[in-house]
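S.K.:
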RNA sequence: GGGGGAAUGUCCCGAGCGGCAAAGGGGGCGGACUGUAAAUCCGCUGGCUACGCCUUCGCAGGUUCGAGUCCUGCUUCCCCCA
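In this note's numbering, the protein residues as written are 116 to 528.
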């Protein structure tokens, strides 16, 4: 569908060329509208964790391009909807978060958008709103009469988010069943008060978004549009962004710029081109040149991907530093002073040191890793589980501790 | 209301005659090979003051030298009948 359509607007053309588009409720209509003047679009972000993760980055990048092509983006924080909980793509009911937790998460999440979007009241400056502003004020009877009557249970039961739960015979509580109604109402609210006409999101949000488009029509707003991105997977089919230690977070205090750089550096060959288009803002001809590199030369493209993606999120300086740290560590086998560092006293056991820096989850786990020859002190493999950190291990005030080939930290006394 | 079935290693799926730290997958991590890639092969995957000790099979009791396995009660979920 997307392949035979050639967009004329800057916005859709950019998204199309870079591979962001999965489904759209009306390509031609939206394209036409994007050509005729400034549009307003939004993406909603629920506050279920204290940071967004890499899965949220695609939609944020769409907002970025939306603004770059002359339109006005809205980031909608789900301070209200998170109190209800989205059942889309989840097998079981998520525990309800307290209002305090949601607020804390919201404040912690907000920061990343400033890196990708320019906020401001004038022109196409981005806007940030919290849907708690209107959702918490809804009155039940009024809501049923004004909004609820536009929803057909018959239709709701056919939506994937609901249908999958029913088919698998898994609980779907009434509160979750209401989620799509609230999200639909958000769209109408934004359409009325901010002249918003487009909602974007991941492909799992299609049902929720299209419901909003329908609700808008029934409640008499201007024409609304839906646009979704493909699900992010690697070429070998694995879900993106899962590592042993958890998700790839966007907040620097939860996932360091160095780790973030490493995450992109380890991209599979087959994904390099696709990721350069999605997660960097390099021009397409430059990307085409990088993607054409064959064999081990593709590593150069991976370094560019890592540095550019990191720069976008954490700034150029942090990205360059991560690149330099990696170069010294991997290419020269040196000990870079900029590796992540930890303070541990002399005499600390090797096993507990590995636990302390996060290489192992327990002493037993550390013991197994040491015995299998995975642990090195200053690049020398140590298999003695009773080894302790000694004065002589310190080189220029630090010990380089390594787990496997890729994980390195510095230990200072 | 009646009848039948299910819950297993706190990542997931899933075997389990009364001797079980519990088969087998997936995932993850580590090793080999490479290019910090993929594919492939090998190892690890409850905890500890570690040739031993402790804690695990929905919950609580009981039988037994010994229970994930048998008995009783309870909780939750599913199916059939009304």
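Positions of the beta carbon are idealized from the N, C-alpha and C atoms, including for glycine.
1) Can you round the beta-carbon distance between residue 239 and residue 187 to whole angstroms, since I take them to be within the 8 Å contact cut?
2) From the DSSP output, in three-state form, read off residue 182 for me.
3) For a test of the three-state rule: what should DSSP assign to residue 262, helix, strand or coil?
4) Please determine if the stretch 446-453 and the stretch 417-429 are in contact, where contact requires at least 3 C-beta pairs separated by less than 8 Å.
5) Using the three-state DSSP reduction, which class does residue 522 fall into: helix, strand or coil?
6) Determine the burial state of residue 255: buried for a count of at least 16 other Cβ atoms within 10 Å of its Cβ, exposed for fewer.
7) State the start and end residues of the unbroken alpha helix (DSSP H) segment that holds residue 445.
8) What separation, rounded to the nearest whole angstrom, lies between the Cα atoms of residue 499 and residue 156?
9) According to DSSP, which residues form a beta bridge with residue 243?
10) To which residues of the same chain is residue 469 closer than 6 Å at the C-beta, ignoring the five residues directly before and after it?
11) Once the 5 residues before and after residue 278 are set aside, which same chain residues still bring their CB inside 7 Å of it?
12) Under 8 Å: do the stretch 188-203 and the stretch 125-133 share three or more Cβ pairs, one atom per stretch?
13) Can you tell which of 298, 337, 402 and 404 has the C-alpha that lies nearest to the C-alpha of residue 309?
14) Going by DSSP, which residues form a beta bridge with residue 458?
15) Measuring straight from C-alpha to C-alpha, what distance separates residue 295 and residue 325?
16) State yes or no: is the C-beta of residue 526 within less than 8 Å of the C-beta of residue 457?
17) Output the boundary residues of the beta strand (DSSP E) element that contains residue 425.
18) Is it the case that the Cβ atoms of residue 83 and residue 312 are separated by a distance below 8 Å?
19) Can you tell me where the alpha helix (DSSP H) with residue 296 in it begins and where it stops?
20) Using C-beta distances below 7 Å, list every residue in its chain close to residue 141, excluding the 5 sequence neighbours before and after it, in chain order.
21) The alpha helix (DSSP H) with residue 465 in it runs from where to where?
22) How is residue 483 classed by DSSP in three states: helix, strand or coil?
23) Given residue 484, which residues of its chain have a CB within under 8 Å of its CB, disregarding the five upstream and five downstream residues?
24) Helix or strand or just coil, what does DSSP make of residue 176?
25) Roughly how many angstroms lie between the CA atoms of residue 303 and residue 265, to the nearest whole one?
26) Just the Cα atoms here: how many angstroms apart are residue 421 and residue 331?
27) Start and end of the beta strand (DSSP E) containing residue 502?
28) Within a Cβ cutoff of 7 Å, which residues of the same chain sit near residue 397, ignoring the five residues on either side of it in sequence?
29) From the DSSP output, in three-state form, read off residue 514 for me.
30) Drop a sphere of 10 angstroms on the beta-carbon of residue 512, count the other beta-carbons inside from all chains shown, and report buried for 16 or more, exposed for fewer.
31) What does the alpha-carbon distance come out to for the pair residue 108 and residue 274?
M.R.: According to the structure shown:
1) The pair is a contact, with the Cβ atoms about 4 Å apart (cut-off 8 Å).
2) Here residue 182 sits in helix by DSSP.
3) In the structure shown, residue 262 sits in coil (DSSP, three-state: anything other than H, G, I, E or B).
4) Output reads no: the stretch 417-429 does not touch the stretch 446-453.
5) Residue 522: strand per DSSP, three-state reduction.
6) It is exposed - the Cβ of residue 255 has fewer than 16 other Cβ atoms within 10 Å.
7) Where residue 445 is concerned, there is no enclosing alpha helix (DSSP H), given that its DSSP letter is neither H nor E.
8) Distance between the alpha carbons of residue 499 and residue 156: 59 Å.
9) Beta bridge pairing from DSSP links residue 243 with 190.
10) Only 475 and 481 meet the Cβ criterion.
11) These residues qualify, in order along the chain: 272.
12) No, the stretch 188-203 does not touch the stretch 125-133.
13) Ranking the options by Cα distance to residue 309, first place goes to 337.
14) According to DSSP, residue 458 shares a beta bridge with 527.
15) In a straight line, the C-alpha of residue 295 is about 10 Å away from that of residue 325.
16) In contact: residue 526 and residue 457 (Cβ atoms closer than 8 Å).
17) From DSSP, residue 425 is part of no beta strand (DSSP E) but of the alpha helix (DSSP H) over 413-429.
18) Summary: the structure shown does not reach residue 83, with the chain confined to residues 116 through 528, and so no result is reported for it.
19) Judged by DSSP secondary structure, residue 296 falls within the alpha helix (DSSP H) whose first and last residues are 294-309.
20) Within the same chain, and ignoring the five residues on either side of residue 141 in sequence, the residues whose Cβ sits closer than 7 Å to its Cβ are 340.
21) Going by DSSP, residue 465 is part of the alpha helix (DSSP H) stretching over 465-471.
22) The answer is helix: DSSP assigns residue 483 an H, G or I state.
23) If we look at residue 484 and ignore the five residues flanking it on each side, its Cβ neighbours are 469, 474, 475, 490 and 518.
24) Here DSSP, grouped into helix, strand and coil, assigns residue 176 to helix.
25) Residue 303 and residue 265 have their C-alpha atoms roughly 13 Å apart.
26) If I take the Cα positions, the gap works out to 41 Å.
27) Under the DSSP assignment, residue 502 falls outside any beta strand (DSSP E); it carries neither an H nor an E label.
28) Close CB contacts of residue 397 within its chain, under the 7 Å cut and outside five residues either way in sequence, are with 391 and 423 (chain order).
29) In the displayed model, residue 514 falls within a strand according to three-state DSSP.
30) Burial call: exposed.
31) The requested residue 108 is not part of the displayed model; the chain covers only 116 to 528.
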